[in-house]
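This report refers to the structure that appears directly beneath it.
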Amino acid sequence: MQTPFKTIGIIGKPSDPSIAVSLNALYTFLKQQQYTVIVAKDSAHFIANPSVKPCSIDTLGQHCDLVIAVGGDGTFLAAARAIVEDDIPLIGINLGRLGFLVDISPNELSDKLLPILQGHYTEEKRYLLRTKIIREGQVIHEETAVNEVVVHRWVTPSMIEIITKIDNVFLNSQRSDGMIISTPTGSTAYALSAGGPILHPALNALVLVPLNPHTLSNRPIVINDSVEIEISFCQTKQINALVTCDHIEIPKVLISDKILIKKEPIPIRILHPEGHDFFYILRNKLNWSSGYHTDNHAIEP
46 MQTPFKTIGI IGKPSDPSIA VSLNALYTFL KQQQYTVIVA KDSAHFIANP
96 SVKPCSIDTL GQHCDLVIAV GGDGTFLAAA RAIVEDDIPL IGINLGRLGF
146 LVDISPNELS DKLLPILQGH YTEEKRYLLR TKIIREGQVI HEETAVNEVV
196 VHRWVTPSMI EIITKIDNVF LNSQRSDGMI ISTPTGSTAY ALSAGGPILH
246 PALNALVLVP LNPHTLSNRP IVINDSVEIE ISFCQTKQIN ALVTCDHIEI
296 PKVLISDKIL IKKEPIPIRI LHPEGHDFFY ILRNKLNWSS GYHTDNHAIE
346 P
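The structure is reproduced here in structure tokens:
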């Protein structure tokens, strides 16, 4: 069968030697299928093959037409940020515990990965957020996030006081430990643990979730994802805040700074096995309906 892919990149969790077995198995499997394989430089040393081709993760997408991330959701997020501008698809192989984004196990290479490589897959698009820190009218830092952007209080026992605007229209001011601005992808991550709703990944929406707000009526709000969100600070006492984009930290944000957040125009393309079911993932990962079969008949205890 004619495959839609010829050159495949591999990105692994660089700090975890335990992925070596899975990386070697995947590399050998792909070479046996006659694919050209390039491996991210920071995980290439785990592969016991002198002919392995290493490549910087930042340029990997320029040399491949498909990338496979091996690890948990964190590795998948790093891979997505690295290749999003190259507009190539991404597959996740799950070595983690939860894995909302990575849905193939290392022992399923023949059963699930091979059919995808042969063109039998379900593709979905997930959008990223771009964050800009503005200081004295200048952009001093930019970062992307697949899951969420979070504004935290940092190295202070006090709440932070923030103002939120949507497309330059005032939404609210609040005293809290911070704010989560989450994509549908991130709605099953930090935003979920903070009491936010789960968003279906096909929704063109974002959710704003306050972190421990002083006013209990301050609740999560879902908005259209085409807007620009502006976060600023309204306290007079100078404190530092911390902004995180997924797990990437932007420290020492000042109360005079503005934080602008907007959806990236290019989505990441994720490939799943045929028959991928988001609701099944929720039931499985969150242990919903554990006493019922899919035909709604109760399972006997």
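Counted the way the numbering used here counts, the sequence shown spans residues 46 to 346. Glycine included, each C-beta is placed from N, C-alpha and C at the ideal position.
If you compare the alpha carbons of Arg-220, Val-252, Pro-318 with that of Ser-271, the shortest gap goes to Val-252. Counting C-beta pairs with one atom in each stretch, the segment 124-138 and the segment 96-105 have three or more that are closer than 8 Å, which means they touch.
In this chain, the beta strand (DSSP E) harbouring Pro-296 covers 293-299. Per DSSP, reduced to three states, the secondary structure at Val-129 is helical.
Here His-317 is buried: its Cβ has 16 or more other Cβ atoms, across all protein chains shown, within 10 Å.
Here the C-alpha atom of Met-224 lies approximately 23 Å from the C-alpha atom of Phe-145. Leu-174 and Asp-156 have their C-alpha atoms spaced approximately 34 Å apart. Under the three-state reduction of DSSP, Pro-62 is assigned to helix. By the 16-neighbour rule on beta-carbons within 10 angstroms, Ser-232 is buried. The continuous alpha helix (DSSP H) containing Arg-328 extends over residues 323-331. In this structure, DSSP gives Pro-318 an extended state, which the three-state scheme calls strand. Each of Lys-86, Thr-189, Lys-307, Asn-94 was checked against the Cα of Lys-58, and the nearest Cα belongs to Lys-86.
When DSSP states are grouped into helix, strand and coil, Gly-116 belongs to the strand group. For Lys-170, same chain residues with a beta-carbon under 8 Å away, outside a window of 5 residues either side, are Pro-312, Ile-313, Arg-314, Ile-315 in chain order.
For Ile-161, the enclosing alpha helix (DSSP H) covers residues 159-162. By the neighbour-count criterion, in which 16 or more other beta carbons inside 10 Å mark a residue as buried, Asp-118 falls on the buried side. Bounds of the alpha helix (DSSP H) holding Leu-237 are 235-238. One alpha carbon belongs to Val-195, the other to Leu-261, and they sit about 19 Å apart. Residue pairing of Glu-187 in beta bridges, as defined by DSSP: Lys-177. The shortest C-alpha to C-alpha distance from Ser-203 to any of Ile-268, His-259, Ile-211, Leu-248 is the one to His-259.
Remark: C-beta atoms of Leu-154 and Leu-71 approach each other more closely than 9 Å. Excluding sequence positions up to five before and after Phe-50, its CB lies within less than 8 Å of the CB of Tyr-80, Asp-110, Leu-111, Leu-162, all in the same chain and listed in chain order. The shortest CA-to-CA distance from Cys-279 to any of Ile-207, Asp-291, Ile-295 is the one to Ile-207.
Residue environment: Glu-193 is assigned as buried (16 or more neighbouring CB atoms within 10 Å of its CB, all protein chains considered). A residue is called buried when at least 16 other Cβ atoms come within 10 angstroms of its Cβ; Ile-295 meets this threshold and is buried.
Shown here, Asn-152 sits in a helix according to DSSP, grouped into three states. By the neighbour-count criterion, in which 16 or more other beta carbons inside 10 Å mark a residue as buried, Ser-60 falls on the exposed side. DSSP places Lys-51 in no alpha helix (DSSP H); its state is neither H nor E.
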